[in-house]
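In my numbering, the protein residues as written are 2 to 134.
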């Protein structure tokens, strides 16, 4: 073995020792956390269970009429449902979202962006004309 090989081998061994001692020096996780956390919703006259030992019980009460229903947080969605949009408007919105990256886009990120500026002006003019009618 040459001196160069010995130096490289020594550097590798030192790096391995350095990394292994770093992992051993990490502190152990804190074990003082509660053993169990129980979060539940009761309906009607149902009672919340009592906590046992280090257990934490969080209990919410709802009326009996809500027992078999989807929770109100999930019932009322502000998002537009897929069936509430026509195919032509969906295609138009996807087309507008993809337009900056395509040729003729009139943007600094699209290929040949400068050539699409006239097309963008014409599209805007047609859209304004369509809404004025």
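All residues carry an ideal CB built from backbone N, CA and C; glycine is no exception. Here the structure is a predicted model, which means the values were calculated and not measured.
Notebook entry, point to check: What residues in its chain sit with their C-beta under 7 Å from that of residue 41, if we drop five residues either side in the sequence?
Noted result: One-based indexing of the chain shown puts residue 41 at position 40. Closer than 7 Å at Cβ, skipping near neighbours: 60.
Notebook entry, point to check: Sorted by chain position, which residues of the same chain lie with C-beta nearer than 7 Å to residue 49's C-beta, five sequence neighbours on each side aside?
Noted result: On the chain shown, residue 49 is found 48 positions in, with the first residue counted as 1. The residues are 43, 58, 60.
Check: Roughly how many whole angstroms lie between the Cα atoms of residue 120 and residue 107?
Finding: In the chain shown, residue 120 corresponds to position 119, counting from 1. In the chain shown, residue 107 corresponds to position 106, counting from 1. Taking the straight line joining both Cα atoms gives about 8 Å.
Check: Just the Cα atoms here: how many angstroms apart are residue 122 and residue 64?
Finding: For the purposes of this step, residue 122 is identified with residue 121 of the chain shown, where counting begins at 1. For the purposes of this step, residue 64 is identified with residue 63 of the chain shown, where counting begins at 1. Those two C-alpha atoms are separated by around 58 Å.
Checklist line | Buried or exposed (CB count within 10 angstroms, at least 16 for buried), residue 1 | finding: An answer regarding residue 1 cannot be provided, because it is not within the stretch 2 to 134 covered by the chain.
Notebook entry, point to check: What do you reckon, are the CB atoms on residue 56 and residue 39 nearer than 8 Å?
Noted result: In the chain shown, the residue the question calls residue 56 occupies position 55. In the chain shown, the residue the question calls residue 39 occupies position 38. Yes, they are a contact pair.
Notebook entry, point to check: In its own chain, which residues sit with a C-beta less than 8 Å from the C-beta of residue 68, not counting the 5 before and 5 after it?
Noted result: Here residue 68 is taken as the residue at index 67 of the chain shown, counted from 1. Counting only residues of its own chain and dropping the five nearest sequence neighbours on each side, residue 68 has a CB closer than 8 Å to the CB of 44, 45.
Notebook entry, point to check: Where does residue 57 fall in DSSP's three states?
Noted result: Along the chain shown, one-based indexing puts residue 57 at 56. Strand.
Next item on the list: Identify whether residue 86 lies in helix, strand or coil by the three-state DSSP scheme.
Entry: Here the question's residue 86 lines up with position 85 in the chain shown. Three-state result, residue 86: coil.
Item checked: residue 186 versus residue 37: straight-line alpha-carbon distance, rounded -> Absent from the structure is residue 186, since the part of the chain shown begins at 2 and ends at 134.
Check: Could you check where the beta strand (DSSP E) with residue 38 kicks off and where it finishes?
Finding: Here residue 38 corresponds to residue number 37 of the chain shown, with the count starting at 1. From DSSP, the beta strand (DSSP E) with residue 38 extends over 38-44.
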